[in-house]
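To start, the structure itself, in structure tokens.
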Amino acid sequence: MKKIVLVIMAVIGVSLYGNAQSVHFGAKGGVNFANLNGDDADGFDGRTGFHIGLLAELGLTDKFSIQPEVLYSAQGAKLSDADLNLDYVNVPVLAKYYLTDGFSVQAGPQFGINVKDDFEGLETDVKSFEMSGAVGVEYKIGSFFAQGRYNFGLSDVSDENVKNSVFQLSVGYLFF
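Quick note, the sequence shown lines up with residues -20 to -1, 1 to 156 if you use mature numbering (1 follows the signal peptide of the UniProt record, and there is no 0).
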């Protein structure tokens, strides 16, 4: 499943690159305010983590672009007697629409591959793949930008009915 998603994303990326009016590459990082939601998520408290990664903005028109990213993201939650540390390599593919010069809204799917799970004080199996939706806003001044984004889990992270819920604040820089 992971290979299929990566191949599809590569094909989409190559085809969009050929049609792009402008292409910009950059890096970003920031803070995660993560938690777990769902029917079996009673008693969880949030976990503060981080994210860091690379992005490309493929401008299709003056107001619309596609923004794929590759991010390392520390997520999870806390219980009174356990810490649930879930680290992912996340690949959001966002549609981005500029409302005004520099201010945009974005939305799209996010594909997550679990690269580390550490459950101190709790026994559970974590799924290796996670699917989320992402919505956010961005403000850009020159090559610098700031983002706020909410990622809501669409698939369970384990056999229990528990999904990721992550609010991200990011800053970044477009190299060219």
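Beta carbons: idealized from backbone N, C-alpha and C, even for Gly.
The beta-bridge partner set that DSSP reports for residue 9 consists of 32 and 151.
Taken through DSSP and simplified to helix, strand or coil, residue 141 comes out as coil. When DSSP states are grouped into helix, strand and coil, residue 41 belongs to the coil group. With a beta-carbon spacing of about 18 Å, residue 82 and residue 46 fall beyond the 8 Å limit used to define contacts.
Between residue 56 and residue 73, the C-beta gap is not smaller than 8 Å, which leaves the two residues out of contact. Sequence-distant Cβ neighbours of residue 117 in its own chain, meaning closer than 6 Å and more than five residues away, are 85 and 128.
Residue environment: residue 134 is assigned as exposed (fewer than 16 neighbouring CB atoms within 10 Å of its CB, all protein chains considered). Scanning its chain for C-beta atoms nearer than 8 Å, with the 5 sequence neighbours on each side dropped, one finds around residue 138 the residues 104, 105, 106 and 107, in chain order.
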